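Chains A and B are the protein sequences, given in the same order. Each step along the first sequence adds one to the number in the working numbering, with nothing skipped, and position 116 is 116. Counting the second sequence from 1 gives a position; the working numbering is that position plus 172.
2 protein chains.
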Amino acid sequence: MTISLYQSSVPIFVQFLTSLSAVLDKAAAYAEAKKVEPSVLLNTRLAPDMFPLVRQVRMATDHAVNACGRLAGVDMPSFSNSEATIPELKDRITKTIDFIKSLKPAQIDGNEDKEIKITFPSGATREFTGQSLLLNNSLPNFYFHCTTAYDILRHCGLELGKRDFMGTPVQL
Amino acid sequence: MTISLYQSSVPIFVQFLTSLSAVLDKAAAYAEAKKVEPSVLLNTRLAPDMFPLVRQVRMATDHAVNACGRLAGVDMPSFSNSEATIPELKDRITKTIDFIKSLKPAQIDGNEDKEIKITFPSGATREFTGQSLLLNNSLPNFYFHCTTAYDILRHCGLELGKRDFMGTPVQL
Chain A
1 MTISLYQSSV PIFVQFLTSL SAVLDKAAAY AEAKKVEPSV LLNTRLAPDM
51 FPLVRQVRMA TDHAVNACGR LAGVDMPSFS NSEATIPELK DRITKTIDFI
101 KSLKPAQIDG NEDKEIKITF PSGATREFTG QSLLLNNSLP NFYFHCTTAY
151 DILRHCGLEL GKRDFMGTPV QL
Chain B
173 MTISLYQSSV PIFVQFLTSL SAVLDKAAAY AEAKKVEPSV LLNTRLAPDM
223 FPLVRQVRMA TDHAVNACGR LAGVDMPSFS NSEATIPELK DRITKTIDFI
273 KSLKPAQIDG NEDKEIKITF PSGATREFTG QSLLLNNSLP NFYFHCTTAY
323 DILRHCGLEL GKRDFMGTPV QL
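The following block contains the structure:
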């Protein structure tokens with residue numbers, strides 16, 4: 001027995017994107033209860049040179065889409081990157097979940113050693129295998145942005161617990 | 173090809189524990205430069221009911237030790253849980269890395285379906301397979317605490333970048 005690349009990626013991203021979406025519901029409810037604009041929360045950052053919540057959510061979806069799309073070698077959905085409200089962010093999360101759930105295990109499994117070359121906006125390139133892309137890059141980055149989104153909202157005063165971050169494991 | 177449980181755990185924990193230790197070095201240098209007590213940083217939290225930095229670091233090591241120890245089915249090192257300085261936390265990280273690096277792939281691989289029952293301090297129990305323990309519980313929790321440690325220090329003003337979080341992949 002070993003772990004499949006599919007099981008290490010799709011159900012995990014779905015679990016934590018679903019919990020992230022639910023955390024955004026709690027952010028919307030908090031904003032309404034406190035009579036603050038949701039945009040105040042979405043533009044909160046933990047340090048002046050860190051991304052605000054809205055970008056943390058976008059980047060979490062990017063890492064999920066890019067990891068699964070590159071592993072499967074299929075066209076990836078593109079987003080406007082102008083999402084500025086909680087409903088728009090939740091819609092982006094939904095589209096991300098729909099995309100990665102549309103991928104079959106056979107499209108992802110077996111690509112552990114696949115060479116994947118990524119060109120960054122700066123022009124720099126980096127080469128991965130399917131396995132190193134997922135384990136050393138995509139998952140840590142994905143968790144980084146999901147956690148920081150949670151941390152920003154905790155810092156804003158939302159009553160959230162670790163269970164809100166963890167969500168519920170998904171069987172796919 | 174599939175991913176091995178060992179490759180999904182030991183080298184990943186070592187990579188991010190090593191970067192966490194290096195981030196603590198930067199925290200020590202920052203405290204010295206700003207002439208603040210390191211304990212001020214270690215006791216900073218993002219919300220009154222979140223754990224401070226010192227506990228985030230301890231919990232990151234706990235998730236790494238517990239995941240690898242339970243997968244391998246070996247005795248795990250115990251810590252004093254009284255570490256209160258940066259050198260003490262770094263020593264705990266070093267001991268964690270030494271422990272998980274001492275485990276051989278053959279001790280971890282093949283335990284994907286192993287039944288692992290965990291009894292929490294509250295008395296509650298939860299059952300996992302080796303795979304679900306690692307993918308759905310240990311890794312997300314580990315990344316949560318590593319990220320929150322980083323976020324706390326960024327919030328304190330440290331000049332850190334994503335590279336400090338990511339560290340360097342480890343070949344084991």
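From the three backbone atoms N, C-alpha and C, an ideal C-beta is built for every residue, glycine too. Bear in mind that the values here come from a model prediction, so they are computed numbers and not experimental data.
The Cβ neighbour count for residue 236(B), taken over all protein chains shown within 10 Å, is at least 16; the residue is labelled buried. Residue 199(B) is classed as buried because its beta carbon has at least 16 other beta carbons within 10 Å across all chains shown. Counting along the chain, the unbroken beta strand (DSSP E) around residue 128(A) starts and ends at 125 to 129. Scanning its chain for C-beta atoms nearer than 6 Å, with the 5 sequence neighbours on each side dropped, one finds around residue 42(A) the residues 53 and 54, in chain order. Under the three-state reduction of DSSP output, residue 88(A) falls in the helix class. In the pairwise beta carbon analysis, the region 118 to 126 of chain A is classified as not touching the region 85 to 95 of chain A: fewer than three pairs are separated by under 8 Å. Listed in chain order, the non-local C-beta contacts of residue 318(B) below 6 Å within the same chain comprise 188, 192 and 232, local neighbours out to five positions each way being set aside. The Cβ atoms of residue 239(B) and residue 181(B) lie closer than 9 Å to each other.
Here DSSP, grouped into helix, strand and coil, assigns residue 216(B) to coil.
Annotation: the continuous beta strand (DSSP E) that includes residue 117(A) extends over 115 to 119. Around the CB of residue 135(A), 16 or more other CB atoms lie within 10 Å, so the residue is classed as buried. Listed in chain order, the positions of the region 31 to 48 of chain A with a beta carbon within less than 7 Å of a beta carbon of chain B are 46 and 47. Residue 126(A) and residue 117(A) have their alpha carbons spaced roughly 6 Å apart. Contact of residue 320(B) with chain A by beta-carbon distance below 8 Å involves 147 and 151. The Cβ atoms of residue 312(B) and residue 166(A) lie closer than 9 Å to each other.
Proximity of chain A to residue 176(B) at the Cβ level (cut-off 8 Å) is accounted for by 2 and 3, in chain order. In this structure, residue 286(B) and residue 186(B) do not form a Cβ contact; the two beta carbons are roughly 22 Å apart against a cut-off of 8 Å. Per DSSP, residue 23(A) is one residue of the alpha helix (DSSP H) stretching across 10 to 34.
For residue 36(A) and residue 18(A), the gap between their C-alpha atoms comes out near 25 Å. Taken atom to atom, the span from the alpha-carbon of residue 62(A) to that of residue 304(B) is near 24 Å.
Annotation: residue 92(A) has no Cβ neighbours in chain B at a cutoff of 8 Å; minimum Cβ distance is about 21 Å. Considering only 252(B), 216(B) and 282(B), the residue with the shortest C-alpha distance to residue 244(B) is 282(B). Using a Cβ-Cβ cut-off of 7 Å, residue 12(A) is close to 307 of chain B, given in chain order.
Close CB contacts of residue 320(B) within its chain, under the 6 Å cut and outside five residues either way in sequence, are with 228 (chain order). Residue 284(B) places its beta carbon 9 Å or farther from that of residue 129(A). Identification of chain B residues near residue 55(A) by a Cβ-Cβ cut-off of 9 Å yields none; the smallest Cβ-Cβ distance measures about 13 Å. Pairing residue 275(B) with residue 86(A), the inter-Cα distance amounts to about 45 Å.
By a beta-carbon distance limit of 8 Å, residue 324(B) does not contact residue 196(B). Their separation comes to about 11 Å. Per DSSP, the continuous alpha helix (DSSP H) segment holding residue 241(B) begins and ends at 225 to 244. At a cut-off of 9 Å between beta carbons, residue 82(A) makes no contact with chain B.
Per DSSP, the beta bridge partners of residue 3(A) are 175(B).
Annotation for residue 242(B): 288 and 305 place their beta carbon closer than 7 Å to its own, counting only its chain and skipping 5 residues before and after. Under a 10 Å Cβ-count criterion, residue 31(A) is classified as buried, with 16 or more other Cβ atoms of the shown protein chains found around its own Cβ.
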